[in-house]
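For reference, the structure discussed in these notes is given below.
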């Protein structure tokens, strides 16, 4: 599965299968650390209802945390120098993860423990399926970035269309169509990221980018997890 790489120009790169395998292991260890950090902050919310009132009183703070996290993620993604700085890359990665976790807290605070667990399992099943698909698929998605951009742009247009349905026509069923489309798009992106991390495609992650690779997978999981918040009853609903 893991292939050696020798590229003479530009610049000279020599990569063995053992190095790529070690990189993949390190990526999943980082992903596990990010996931444990998230669960350690989300699960206690289920047992402290007062946090829900606190979250509602500071909604703008949680929304701001999300945008700050995405901005830092973009900078981290585009800056090779920042990603390859010892210690600093860990600090930035943890700040990004914490911003994402805090942003999700606003949605998770009003959810019962049972529905929280069910949603995590559903998102995890889709995540594992996407990873296996990326591991087993022989077709190289990394060569078709234009097609991916087209899919994402069409999904963006669909988002605007669904927002009109929800806000103006007061219809709720289009959201489930939208959620299915988004889940398929995230699954497509997840397969792309897996091929990028495994090094099985034309575009492969640098062996120094294990933090970035873990962040990509963690953000994919959050995208799937957030889709489950719409249908779940909250503590204030009749169950």
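In the working numbering, the protein residues as written are 204 to 442. Cβ atoms here follow ideal geometry from the backbone N, Cα and C, with glycine treated the same way.
Between 246, 343 and 307, which lies nearest to residue 273 when the distance is taken from Cα to Cα?
By one-based count along the chain shown, residue 273 stands at place 70. With distances taken between Cα atoms, residue 273 lies closest to 307.
Using a threshold of 7 Å, state whether the C-beta atoms of residue 226 and residue 413 are closer than that.
As a position in the chain shown, residue 226 is number 23, starting the count at 1. As a position in the chain shown, residue 413 is number 210, starting the count at 1. Contact: yes.
How many whole angstroms separate the CB atoms of residue 394 and residue 333, which I take to be in contact at a CB cut-off of 8 Å?
As a working note, residue 394 is residue 191 in the chain shown. As a working note, residue 333 is residue 130 in the chain shown. Yes, residue 394 and residue 333 are in contact; Cβ-Cβ is about 6 Å, under 8 Å.
If we count the other Cβ atoms within 10 Å of its Cβ and call it buried at 16 or more, is residue 431 buried or exposed?
The sequence position of residue 431 within the chain shown is 228, counting from 1. Result: buried.
Taking the alpha-carbon positions, what's the residue 219 to residue 315 distance?
Translated into the one-based positions of the chain shown, residue 219 becomes position 16. Translated into the one-based positions of the chain shown, residue 315 becomes position 112. Taking the straight line from one Cα to the other gives about 47 Å.
Counting only the same chain and skipping the five closest in sequence on each side, list residues whose C-beta sits under 6 Å from that of residue 328.
Along the chain shown, read from residue 1 onward, the residue named residue 328 stands at position 125. Around residue 328: no qualifying Cβ.
Can you give me the C-alpha to C-alpha distance between residue 340 and residue 404, rounded to a whole angstrom?
Numbered from 1 along the chain shown, position 137 holds the residue referred to as residue 340. Numbered from 1 along the chain shown, position 201 holds the residue referred to as residue 404. Answer to the nearest angstrom: the Cα atoms are 10 Å apart.
Roughly how many angstroms separate the alpha carbons of residue 247 and residue 383, rounded to a whole number?
Taking the chain shown and counting its residues from 1, the one referred to as residue 247 is at position 44. Taking the chain shown and counting its residues from 1, the one referred to as residue 383 is at position 180. If you take the alpha carbons of residue 247 and residue 383, they lie about 30 Å apart.
Less than 7 Å between C-beta atoms, sequence neighbours within five positions excluded: which residues of the same chain meet that for residue 325?
By 1-based counting over the chain shown, the position of residue 325 is 122. Taken in chain order, the residues that qualify are 431.
Report yes if the CB atom of residue 230 is closer than 7 Å to the CB atom of residue 386, and no otherwise.
Reading the chain shown from its first residue, position 27 is the one you call residue 230. Reading the chain shown from its first residue, position 183 is the one you call residue 386. No, these two residues do not count as a Cβ contact at 7 Å.
Could you give the C-beta distance for residue 401 and residue 338, rounded to a whole number, given that I count them as a contact under 8 Å?
Your numbering for residue 401 matches position 198 in the chain shown. Your numbering for residue 338 matches position 135 in the chain shown. Yes, they are in contact, since the Cβ atoms of residue 401 and residue 338 sit about 7 Å apart, within 8 Å.
For the alpha helix (DSSP H) containing residue 243, name the first residue and the last one.
Within the chain shown, residue 243 is the residue found at index 40, counting from 1. Element bounds for residue 243: 220-245.
Going by CA-CA distance only, name the one from 390, 283, 377 and 301 that's closest to residue 266.
Within the chain shown, the letter at position 63 stands for residue 266. When only C-alpha atoms are compared, the closest one is 301.
Answer yes or no: do residue 391 and residue 234 have a C-beta to C-beta separation smaller than 7 Å?
Numbered from 1 along the chain shown, position 188 holds the residue referred to as residue 391. Numbered from 1 along the chain shown, position 31 holds the residue referred to as residue 234. In this structure, residue 234 does not lie closer than 7 Å to residue 391 by Cβ.
Taking 7 Å as the cut-off, decide whether the C-beta atoms of residue 415 and residue 286 are in contact.
By 1-based counting over the chain shown, the position of residue 415 is 212. By 1-based counting over the chain shown, the position of residue 286 is 83. Contact: yes.
So within the segment 366-421, which uninterrupted alpha helix (DSSP H) runs reach at least 4 residues, ignoring any that extend past its ends?
Listed in chain order, they are 376-401.
If distances are taken between C-alpha atoms only, which option among 427, 260 and 240 comes closest to residue 298?
Translated into the one-based positions of the chain shown, residue 298 becomes position 95. Of the candidates 427, 260 and 240, the one whose C-alpha sits nearest the C-alpha of residue 298 is 240.
I'd like the list of long-range same chain contacts for residue 396, defined as Cβ closer than 8 Å, with 5 residues on each side in sequence excluded.
Here residue 396 is taken as the residue at index 193 of the chain shown, counted from 1. Cβ neighbours of residue 396 beyond the five flanking positions: 337, 416, 419, 420 and 423.
May I ask you to report which of helix, strand or coil DSSP gives residue 358?
Here residue 358 is taken as the residue at index 155 of the chain shown, counted from 1. The answer is helix: DSSP assigns residue 358 an H, G or I state.
How is the alpha helix (DSSP H) around residue 264 delimited, first residue to last?
Here residue 264 refers to the residue found at position 61 when the chain shown is read from its first residue. Run containing residue 264: 262-281, per the alpha helix (DSSP H) assignment.
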